[in-house]
Amino acid sequence: MIMSWLPVLSDEAMSDDQKKVFDRALTKLNIEGDAPDWLRVLANAPLFLKDVFMNLDKGVFSEGGLQPKTKVLLAAVAAAHWGNQDVAQFFADRARAQGFSDEQIHEALGIAATSTSFNLYYKFRSLAATDAFEGLNPGLRATLFMRPTLGKAFAELVNLMISTANGCSSCVSGHIQEAVNQDVTKEQIDEVIRTGAIVASICQFVNSSERYTR
Numbered sequence: 009m010i011m012s013w014l015p016v017l018s019d020e021a022m023s024d025d026q027k028k029v030f031d032r033a034l035t036k037l038n039i040e041g042d043a044p045d046w047l048r049v050l051a052n053a054p055l056f057l058k059d060v061f062m063n064l065d066k067g068v069f070s071e072g073g074l075q076p077k078t079k080v081l082l083a084a085v086a087a088a089h090w091g092n093q094d095v096a097q098f099f100a101d102r103a104r105a106q107g108f109s110d111e112q113i114h115e116a117l118g119i120a121a122t123s124t125s126f127n128l129y130y131k132f133r134s135l136a137a138t139d140a141f142e143g144l145n146p147g148l149r150a151t152l153f154m155r156p157t158l159g160k161a162f163a164e165l166v167n168l169m170i171s172t173a174n175g176c177s178s179c180v181s182g183h184i185q186e187a188v189n190q191d192v193t194k195e196q197i198d199e200v201i202r203t204g205a206i207v208a209s210i211c212q213f214v215n216s217s218e219r220y221t222r
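Numbers 9 to 222, taken from the numbering used here, label the letters of the sequence shown in order.
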């Protein structure tokens with residue numbers, strides 16, 4: 009018998025161990041009604057699912073250097089960056105419930121996309137290992153960096169999270185300095201990177217499921 013690859017597990021298909029952790033996840037994540045498919049995919053690895061909901065509870069949904077509502081919006085941006093619409097929608101719904109508008113959520117996604125364009129450009133310069141391209145203007149517009157309605161400090165948090173995900177070291181260094189200029193603390197920087205890391209791990213696992221692969 010050929011088993012499905014990381015299926016979306018129904019309640020009936022779960023083992024006792026899987027169901028126990030899954031039910032605990034529903035409680036910790038305050039999910040009522042139908043559970044999202046991505047959570048049912050994570051139930052294939054119950055110990056990982058346990059880590060996920062504990063990481064989310066402590067690292068995203070709890071008070072810290074950043075407000076939970078800010079981290080939830082950042083989590084939506086991270087999930088979109090890693091290409092999982094369902095996970096992004098889950099966090100975007102939480103962000104709306106915390107008072108963010110669709111326009112603000114879309115702006116945050118736009119900041120992330122703009123950051124990616126600069127990451128690619130400057131990462132090339134690092135990889136090229138030559139000074140032949142120094143002094144050239146990237147010629148890329150970045151209106152959302154200059155006039156974000158969510159504030160420049162928030163924009164820098166997005167930039168740091170996305171630049172780290174994209175592996176642009178010079179971008180990360182530059183955005184750390186700009187974040188400090190906007191009175192962002194090292195604890196807040198640490199929290200945004202942790203938020204991005206938690207969401208990346210979720211998407212890494214879920215994206216390989218039969219539900220999401222094409």
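Cβ atoms here follow ideal geometry from the backbone N, Cα and C, with glycine treated the same way.
Requested in this report: Compare the beta carbon distance of residue 28 and residue 65 with 8 Å and say whether it is the shorter of the two.
Outcome: Not in contact: residue 28 and residue 65 (Cβ atoms no closer than 8 Å).
Query - Pairwise C-alpha distance: residue 135 and residue 142 - result: 13 Å
Requested in this report: On a CA-only basis, which of 216, 198 and 212 is nearest residue 72? Give me that one, please.
Outcome: 198
Requested in this report: Identify which residue in 23, 49 and 33 has its Cα closest to the Cα of residue 213.
Outcome: 49
Query raised in the report: What are the uninterrupted segments assigned as alpha helix (DSSP H) that are 4 or more residues long and contained completely in the stretch 84-140, given in chain order?
Result: 93-105 and 110-136
Requested in this report: Could you pull out every residue in the same chain whose Cβ sits closer than 6 Å to the Cβ of residue 149, ignoring the five residues on either side in sequence?
Outcome: none
**Report entry** Unbroken alpha helix (DSSP H) run spanning residue 69, endpoints
**Finding:** Per DSSP, residue 69 lies in no alpha helix (DSSP H) segment and is marked neither H nor E.
Query raised in the report: Between residue 164 and residue 101, what straight-line distance do the alpha-carbon atoms span, to the nearest angstrom?
Result: A direct Cα-Cα distance of roughly 23 Å separates residue 164 from residue 101.
Query raised in the report: Pairing CB atoms from the stretch 180-200 with CB atoms from the stretch 56-63, are three or more of them under 8 Å?
Result: They do not touch, by the three-pair rule.
Query raised in the report: How many Å lie between residue 87 and residue 130 at the Cα?
Result: 23 Å
Query raised in the report: Going straight from the alpha carbon of residue 203 to that of residue 159, what length do you get?
Result: 19 Å
Requested in this report: Tell me whether residue 127 is buried or exposed, calling it buried when 16 or more other Cβ atoms sit within 10 Å of its Cβ.
Outcome: buried
Report task. Report the option in 94, 20 and 51 whose CA atom is closest to the CA atom of residue 211. Result -> When each option's Cα is compared against that of residue 211, the closest is 94.
**Report entry** Close Cβ partners of residue 145 (< 7 Å) along its chain, the five nearest in sequence each way excluded
**Finding:** none
Query raised in the report: Counting pairs of Cβ atoms below 8 Å between the stretch 112-127 and the stretch 174-185, do you hit three or more?
Result: Touching, yes.
**Report entry** residue 211: first and last residue of the uninterrupted alpha helix (DSSP H) it sits in
**Finding:** Note, residue 211: alpha helix (DSSP H), 194-214.
Query raised in the report: If you compare alpha carbons, which of 30, 40, 99 and 39 is closest to residue 68?
Result: 99
Requested in this report: Determine the direct distance from the alpha carbon of residue 218 to that of residue 12, and round the result to whole angstroms.
Outcome: Between residue 12 and residue 218, the C-alpha separation is close to 7 Å.
Report task. Select from 107, 115, 82 and 151 the residue whose C-alpha is nearest the C-alpha of residue 208. Result -> 82
**Report entry** N- and C-terminal bounds of the alpha helix (DSSP H) containing residue 182
**Finding:** First-last of the alpha helix (DSSP H) with residue 182: 177-189.
Query raised in the report: For residue 206, which residues from the same chain have a beta carbon less than 7 Å from its beta carbon, with the 5 sequence-adjacent residues on both sides left out?
Result: 63, 64, 67 and 68
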